[in-house]
Amino acid sequence: MKLDTSGLETTMPVIGFGSNSEMLDGFSSVPSFDLPRTTDFDGFQKKAVEMVKPAKGTTTLAFIFKEGVMVAADSRASMGGYICMSQSVKKIIEINPYMLGTMAGGAADCQFWHRNLGIKCRLHELANKRRISVSGASKLLANMLYSYRGMGLSVGTMIAGWDETGPGLYYVDNEGGRLKGDRFSVGSGSPYAYGVLDSGYKFDMSVEEASELARRSIYHATFRDGASGGVASVYHVGPQGWKKLSGDDVGELHYHYYPVTPVTAEHVMEEAAE
Amino acid sequence: MARYDRAITVFSPDGHLFQVEYALEAVRKGNAAVGVRGTDTVVLAVEKKSTPKLQDSRSARKIVSLDNHIALACAGLKADARVLINKARIECQSHRLTLEDPVTVEYITRYIAGLQQKYTQSGGVRPFGLSTLIVGFDPYTRIPALYQTDPSGTFSAWKANATGRNSNSIREFLEKNYKESSGQETVKLAIRALLEVVESGGKNIEVAVMTREEEGVLKQLEEEEIDIIVAEIEAEKAAAEAAKKGPAKET
Chain Y
1 MKLDTSGLET
11 TMPVIGFGSN
21 SEMLDGFSSV
31 PSFDLPRTTD
41 FDGFQKKAVE
51 MVKPAKGTTT
61 LAFIFKEGVM
71 VAADSRASMG
81 GYICMSQSVK
91 KIIEINPYML
101 GTMAGGAADC
111 QFWHRNLGIK
121 CRLHELANKR
131 RISVSGASKL
141 LANMLYSYRG
151 MGLSVGTMIA
161 GWDETGPGLY
171 YVDNEGGRLK
181 GDRFSVGSGS
191 PYAYGVLDSG
201 YKFDMSVEEA
211 SELARRSIYH
221 ATFRDGASGG
231 VASVYHVGPQ
241 GWKKLSGDDV
251 GELHYHYYPV
261 TPVTAEHVME
271 EAAE
Chain E
275 MARYDRAITV
285 FSPDGHLFQV
295 EYALEAVRKG
305 NAAVGVRGTD
315 TVVLAVEKKS
325 TPKLQDSRSA
335 RKIVSLDNHI
345 ALACAGLKAD
355 ARVLINKARI
365 ECQSHRLTLE
375 DPVTVEYITR
385 YIAGLQQKYT
395 QSGGVRPFGL
405 STLIVGFDPY
415 TRIPALYQTD
425 PSGTFSAWKA
435 NATGRNSNSI
445 REFLEKNYKE
455 SSGQETVKLA
465 IRALLEVVES
475 GGKNIEVAVM
485 TREEEGVLKQ
495 LEEEEIDIIV
505 AEIEAEKAAA
515 EAAKKGPAKE
525 T
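Put into structure tokens, the structure is as follows:
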């Protein structure tokens with residue numbers, strides 16, 4: 001597979017003059033692949049995607065509120081029925097000091113593309129002497145993923161950050177889709193997370209209230225969804241950048257939310273009198 | 275020396291790129307153009323050679339907009355200008371599409387300068403024979419800016435600048451008379467500078483103004499409006515002359 005080095009290219013196409021320069025004027029060229037020689041390419045594509053099976057076993061969520069953006073995720077990595085040894089996969093990726101990305105889908109795909117996006121954001125900063133906006137960064141990622149559409153990438157990510165226009169939150173997936181929104185949850189545990197998040201959400205929350213809501217939503221999703229678990233991490237993105245607020249083991253969180261009430265025993269075993 | 279100017283890709287022994295310098299000559303023969311940056315206004319003024327009676331003057335506009343908030347004036351080969359302006363306009367829209375933000379003045383200047391540089395380092399092509407003055411307001415920060423590019427592909431930001439015919443004398447005038455201004459004062463300064471080398475009158479000057487309040491609008495001044503401002507300038511000049519001569523006579 002040809003590695004994507006478009007982050008190192010300028011926006012101006014570097015091609016010989018006199019050839020099709022008119023057609024490519026002003027637009028960067030899209031990375032291209034050698035296509036496999038099959039009679040039924042669509043069927044082949046379907047089979048390839050099926051093989052990778054983007055099940056996106058995880059729970060991630062993010063929402064915008066008065067004080068910025070709250071981002072939270074679990075940390076379980078699963079491969080089919082097996083839970084990977086590390087119950088502490090970092091699913092919240094730090095693109096740069098003021099932008100975060102969440103990981104759902106293929107771990108390798110998400111990690112690589114977020115690193116790639118981080119490179120592009122940094123190059124934009126150096127070239128333009130100002131930070132890239134959240135909408136710009138999410139658009140760069142969406143365009144890259146669109147050009148690999150149908151080739152089996154599995155990425156369901158949220159880009160959260162704070163830029164000149166305030167807090168920003170975008171959902172980007174491997175189909176090349178990009179949605180702007182206030183609340184998103186991605187992954188197999190998202191239905192459960194949405195339930196708790198939507199019922200508890202208010203725009204006017206303090207940072208503590210919002211982080212508690214995020215933590216609780218992740219906890220409830222890990223409780224019911226087998227593919228989510230491990231550690232619930234919560235990050236806050238404010239005007240000064242992101243800050244990790246907490247990382248709690250969901251097992252311990254269970255007893256925090258549902259403490260075991262001591263039951264008075266009917267029979268008490270007395271110490272044998274000495 | 276003549277051997278080193280046939281192909282652009284060849285340096286001369288003393289480090290010159292002759293084609294680029296000849297392009298600068300073409301710029302020096304082009305019509306004068308002035309740009310001034312005020313605190314809340316940016317102005318471009320260009321010398322207009324007398325329009326033939328049958329020509330539709332609207333099709334021969336010398337100051338063009340690249341996007342809602344960016345305008346460009348140039349001196350040199352007009353046909354080269356058309357090509358460069360078209361590429362810049364496409365880049366402005368492409369930037370809006372991929373970054374969801376309008377371009378900053380510096381970005382589009384860097385793009386145009388990069389394009390001009392590319393044509394100084396390729397085989398079989400010649401440099402663009404024009405220098406541009408680019409003005410506009412940055413999105414969000416709304417800071418006014420004026421930039422100049424030249425055929426070698428260099429660019430820099432200016433408070434006020436001139437290019438084309440007699441640009442040295444105009445620049446000297448600007449250096450002597452420039453001060454931070456806003457609104458109509460900026461417009462007057464640009465016109466006064468251009469009048470140093472151009473015959474006085476509204477039909478010989480084309481002026482375009484962009485203000486921070488209306489940053490999506492490039493206002494091309496009508497001939498009558500320019501005539502009024504020119505009359506004001508001449509009145510001020512006459513008053514200044516009279517004031518100089520007056521006290522001397524008294525003593």
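If you read the protein sequences in the order shown, they are chains Y and E.
Reminder that position 57 of the first sequence reads as 57 in this note's numbering, one-by-one numbering, no gaps.
Reminder that position 116 of the second sequence reads as 390 in this note's numbering, one-by-one numbering, no gaps.
We treat Cβ as the ideally placed atom computed from N, Cα and C, and that holds for glycine.
On a predicted model such as this, the values are computed, not experimentally measured, just so you know.
Not a single C-beta of chain Y is nearer than 8 Å to the C-beta of Leu420/E. Take Ala297/E, set aside five residues on each side of it, and the residues of its chain with a beta-carbon closer than 6 Å to its own are Pro401, Gly403 and Pro425, in chain order. Cβ-Cβ distances below 8 Å link Lys139/Y to Arg178 in the same chain, with the five nearest sequence neighbours on each side left out; the list follows chain order. For Ala221/Y, there is no enclosing beta strand (DSSP E); the enclosing alpha helix (DSSP H) has its first and last residue at Val207 to Arg224.
Interface flag for Asn116/Y against chain E is unset, since no Cβ pair is found closer than 8 Å.
Leaving aside the five residues that flank Leu245/Y on each side, the residues in its chain whose CB is nearer than 6 Å to its CB run, in chain order, Ser211, Val234 and His236.
For the C-beta of Tyr381/E, the chain Y residues within less than 8 Å are, from N- to C-terminus, Asn128. Scanning the region 134-212 of chain Y for uninterrupted beta strand (DSSP E) segments of 3 residues or longer gives 156-163, 166-173, 178-180 and 183-186, listed from N- to C-terminal end.
For Thr372/E, the enclosing alpha helix (DSSP H) begins and ends at Lys352 to Leu373. For Leu495/E, no beta strand (DSSP E) run applies, since DSSP gives it neither H nor E. Excluding sequence positions up to five before and after Glu508/E, its CB lies within less than 8 Å of the CB of Ser474, all in the same chain and listed in chain order.
A Cβ-Cβ contact shorter than 8 Å links Ala72/Y with Ala214/Y. Of the other Cβ atoms in all chains shown, fewer than 16 fall within 10 Å of the Cβ of Thr415/E; this residue is therefore exposed.
One alpha carbon belongs to Phe223/Y, the other to Pro259/Y, and they sit about 15 Å apart.
Using beta-carbon distances, Glu295/E does not count as an interface residue toward chain Y, since no partner is under 8 Å. It is roughly 17 Å from the alpha-carbon of Leu318/E to the alpha-carbon of Glu446/E. Comparing alpha carbon positions, the residue from Phe285/E, Asn435/E and Lys511/E closest to Gly397/E is Phe285/E.
For the region 34-47 of chain Y, the beta-carbon criterion of a distance under 7 Å to any beta-carbon of chain E is satisfied by none of its residues.
Comparing C-alpha distances from Phe112/Y to each of His124/Y, Thr157/Y and Glu209/Y shows the shortest one belongs to Thr157/Y. In the DSSP annotation of this structure, the continuous segment of the alpha helix (DSSP H) that includes Thr460/E starts and ends at Gln458 to Leu469. Selection Leu407/E, His290/E, Gly490/E and Pro413/E evaluated against Trp432/E yields Leu407/E as nearest (Cα-Cα). The beta-carbon separation of Gly101/Y and Ile93/Y, rounded to 5 Å, stays under the 8 Å limit for a contact. Annotated as proximal: Lys477/E and Glu497/E, with beta-carbon spacing under 8 Å. Phe63/Y is bridged by DSSP to Met70/Y and Arg183/Y. Excluding residues up to 5 positions away in sequence, Ser133 and Val134 lie with their Cβ nearer than 6 Å to the Cβ of Asp163/Y in the same chain. Asp198/Y and Arg149/Y have their alpha carbons spaced roughly 31 Å apart. Annotated three-state conformation of Lys90/Y is coil, per DSSP. From the listed residues Gly410/E, Ala514/E and Asn440/E, the smallest Cα separation to Val301/E is found for Asn440/E. Exclusion of the five residues before and after Leu141/Y leaves Trp113, Leu117, Ile159 and Val172 as the residues of its chain whose Cβ lies within less than 7 Å of its Cβ.
The beta strand (DSSP E) runs of length 3 or more contained entirely in the region 99-133 of chain Y are, from start to end of the chain, 99-102. Lys392/E is bridged by DSSP to nothing; it lacks a bridge partner. In this structure, Ala355/E lies away from Cys366/E, with their beta-carbon atoms at least 8 Å apart. Annotation: the continuous beta strand (DSSP E) that includes Tyr235/Y extends over Val231 to Gly238. According to DSSP, residue pairing for Glu321/E in a beta bridge involves Ile479/E. Residues of chain E with a Cβ closer than 9 Å to the Cβ of Lys139/Y are, in chain order, Leu371, Thr372, Leu373 and Glu374. Rounded to the nearest whole angstrom, the CA to CA distance from Arg131/Y to His124/Y is 7 Å.
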